[in-house]
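The block underneath contains the structure these notes are about, expressed in structure tokens.
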Amino acid sequence: MKSSLNNLFADLIIHFFDFIAMITINNLSVQFSGITLFDNVSFVIDDKDRIGLVGKNGAGKSTLLKVLAGMQQPESGTIVKSKEQSVGYLPQELLPSSTMSVIDEAMTAFAHIKQLENRMNALLDEISARTDYESADYERLLHSHYEISERFRLINVANGRGEAEKILMGLGFMRTDFDRKVNEFSSGWQMRVELAKILLKRPDIILLDEPTNHLDIVSIAWLEKFLASYFGTIVLVSHDRAFLDNVTKRTIEITAGKIYDYKVSYSDYVVLMQQRRASQQALLTSQQREIAEIERFIERFRYKATKAKQVQSRIKRIEKMELANIDEVDLSTIHFQFPPAPHSGKVVLEINNLTKSYGNKEILSDISLLIAKGEKIAFVGRNGEGKSTLSKIIVGELTDYSGQMKLGHNVSIGYFAQNQAALLNPNLSVFDTIDQIAVGDVRKRIRTILGSFLFDQNDIEKKVKVLSGGEKSRLALAKLLLTPVNLLILDEPTNHLDIDSKNILKQALLRYDGTLILVSHDRDFLSGLSDTLYEFKDKKIKMYKGDVFDFLKMNEIEDLNALNLKKQESKEISSSANAASKASYQQSKEQSKAIRKIKSNIEKTEAHIEHLEARIADMDAMFHDEQKAFEVANDKEFIASYNNLKAELAASMEQWEQLQTELAQSSE
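Numbering (this note's numbering), first residue to last: 626 to 1293.
Here it is, written out as structure tokens:
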């Protein structure tokens, strides 16, 4: 009887409630430390929405997630959602303290299934006893029962442990990790357990705040695939552009207390956002020009009786005019470049038969590699496979290993550790952090250097311990500029950096003329930065020529997670790999040199194109100026110069296209 009633009620109301919004936000206002983050903001989150929240650091993205999760109350406004809807919220930082095993902690995600079943049956008993079929209260009971029944159906998996193991392995855990206690792992791995629990609970709405900060490049790809087929609604904050593009289909920009809602993924949003701001600027410029013309008319004829009526009409026109607004956008970004790299030998680094263990756990086994001057190297693979360990060995932080590691002639190293921000002295001020290691003329430029990393006069006296994660990362990067180096090793440098800051760092690395070793899980950031990639897997390393997307293409896989499912098609790098690397060294060096030269020419050509376009734009403006248009149109010298610039621009664009073709061919 209960089963038939259940199906009947579900059929009756399923279509009725399909159009109901998951969450409705009405006139939301939130302040933080006296700053208005949201001012009467309203929008709707629909069923199965995939939303990316974007905006500068401090714009209010994390705050909005907390409000949606019910963790923070707004100053005013309402958040309307069904009390039966379940929400899973992963904050940016969390301090789990579980003493349970990894698998047992994950299985706690199913503890509420019995509670759901009891609640579902209690509602069904109440519905069966009612006869007020037309009342709002009866309708509410139907709705509640349907929502709980649907959730119960979705999460009541027959094999809970199997599902837990599947998700834990997708997030990077090995089967040998399942029986280890959660508190034995680093905070990043503990956050993965928390994420696994959210995914296992199958909530109606998932709220994720920077989830990729805790994941490696393989686990990110797995999470993207999981979220793509997820039945519920997803709202997330991320500075990983590729992750946003692959997961979200709607972008909400938070800026100056307002929101702009775009029904597109991140890359398309960027184009539309730029068009919006350009349109706002054009409208404002046009309006200002119109107002200036009206004011000139008023001033000219203010005291002429014959024009009094026209003057008054124009005065009223200005008074009634609704002035155009331009978004108050924080355009400040970091700006810097690495110092020129000092000269080094042709071979920067040589490793032979290196093995490294932590206690009884072997991390790297009998690996060899050779890195030449000017190479751009990327280390990829799951966390825990040895990428950071090898980086620490190269910089001399770890010395207890077997085998040989030898730096080349005159090699100087700049190192950004994965936990670099945490290594800063919390009791020093921002200024003292730099002043402590600055020498010579650099000390005179400390304020300038800090200013280029967005630390103003008020910020430089702050203690490091009060800085945000992004501010600490910027300060740690600033320290790298103090000493010129020819081997730069960066281990996850983009954590806590916003998208604009990451792009600035990427451009600086593209211009860097030394040797680069880069450890990162951010595919969009890695793309174009490396000409050689090393995959770390099963204690070995394997070399691929090209960047991260070439790596994916070579393996003929859709995502990096598939690497773990494929059978190994070739032997891992061992002592013989060093000989192979030496044999191809000359060819690799010549190819890298040619690619760098082409990239340099592309950069110069792009700069020249920008210069020409700016000059042509200035001349175009004269053609549209009512006072100058007639004059320049009849100026033969001006017209000739204009046509020459146009021809030069066309030739430069053709040269740019040819260089791009050469670059593509050289990279094959």
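Idealized CB from N, CA, C, for every residue including glycine.
Small disclaimer: the values here were computed from a predicted structure and weren't measured.
Check, Outcome
"Would you call M799 buried or exposed, if buried means 16 or more other Cβ atoms sit within 10 Å of its Cβ?", "exposed"
"Starting from E1086 and walking both ways along the alpha helix (DSSP H), at which residues does that stretch end?", "Run containing E1086: none; DSSP gives neither H nor E here."
"Looking only at its own chain, which residues have a Cβ that is under 8 Å from the Cβ of E1273, when we skip the five neighbours before and after it?", "L1237"
"Measuring straight from C-alpha to C-alpha, what distance separates D870 and I670?", "19 Å"
"Going by beta carbon distance, what residues of the same chain come within less than 8 Å of Y891, once the five residues before and after it are set aside?", "G677, V679, R866, L869, D870, T873, T876"
"How far does the beta strand (DSSP E) with L1113 in it reach, from first residue to last?", "1112–1116"
"For Q656, which of helix, strand or coil comes out of DSSP?", "strand"
"Expressed to the nearest angstrom, what Euclidean distance is found between the alpha-carbon atoms of L741 and I773?", "7 Å"
"Short of 8 Å in beta carbon distance, which residues of its chain neighbour N1186, apart from the five on each side in sequence? Order them along the chain.", "At N1186 the pLDDT is 46, less than 50, meaning the model places this residue with poor confidence and gives no usable figure here."
"Using the Cα positions of Y1040 and D1116, report the straight-line distance between them to the nearest angstrom.", "8 Å"
"Looking at the structure shown, is W887 part of a helix, part of a strand, or coil, going by DSSP?", "The displayed chain sequence assigns Tyr, not Trp, to residue 887. Three-state result, Y887: strand."
"Do you know offhand how far S667's Cα is from L908's?", "25 Å"
"When the distance is taken between beta carbons, is I1002 closer than 8 Å to T1157?", "yes"
"Only counting the same chain, and skipping five residues up and downstream in sequence, which positions put a Cβ closer than 8 Å to that of N1226?", "L1284"
"CA-CA distance, T1140 and F961?", "18 Å"
"So, under 8 Å CB-CB, Q697 and K691 are touching, yes? Tell me the CB distance rounded to an integer number of Å.", "4 Å"
"Is it buried or exposed, N1268, if we count other Cβ atoms within 10 angstroms and call 16 or more buried?", "exposed"
"To the nearest angstrom, how far is it from the Cα of K791 to the Cα of N682?", "34 Å"
"Going by C-alpha distance, which of D1147, A736, E764 is nearest L748?", "E764"
"Run through the region 1014–1096 for me and flag every whole alpha helix (DSSP H) of 4 or more residues, listed as ranges in chain order.", "1045–1048, 1055–1060, 1071–1077"
"Roughly how many whole angstroms lie between the Cα atoms of P836 and K1170?", "30 Å"
"What are the residues that DSSP puts in a beta bridge with L989?", "K981"
"Leaving out five residues on either side along the sequence, give the residues of the same chain with a beta carbon under 7 Å from the beta carbon of I992.", "I976, L979, K1165, I1166, I1198"
"Applying the criterion that 16 or more other CB atoms from any shown protein chain within 10 Å of the CB defines a buried residue, is T688 buried or exposed?", "buried"
"Compute the Euclidean distance between the alpha carbons of N808 and M725, then round it to the nearest angstrom.", "8 Å"
"For F1004 versus I1142, is the C-beta spacing smaller than 8 Å?", "yes"
"So, are the CB atoms of A1103 and I1124 less than 8 Å apart?", "no"
"Could you tell me the alpha carbon to alpha carbon distance between Y928 and Q935, rounded to whole angstroms?", "12 Å"
"Since V896 and V818 are thought to touch, with beta carbons under 8 Å apart, how far apart are those beta carbons, to the nearest angstrom?", "Contact flag wrong, Cβ pair sits at about 38 Å."
"Pairing CB atoms from the region 1053–1062 with CB atoms from the region 1021–1031, are three or more of them under 8 Å?", "no"
"Can you check which of these residues, A1265, K1218, K1222, I1220, is closest to I1241 by C-alpha distance?", "A1265"
"Quick test of your reading: R1148 and V1173, contact by CB under 8 Å. State the CB separation rounded to the nearest angstrom.", "5 Å"
"Tell me which residue opens and which closes the beta strand (DSSP E) that T880 is part of.", "875–880"
"Expressed to the nearest angstrom, what Euclidean distance is found between the alpha-carbon atoms of D750 and D729?", "34 Å"
"Looking at R675 and I859, is the spacing between their C-beta atoms short of 8 Å?", "yes"
"Which residue spans inside the region 715–770 form an unbroken alpha helix (DSSP H) run of at least 4?", "727–732, 738–754"
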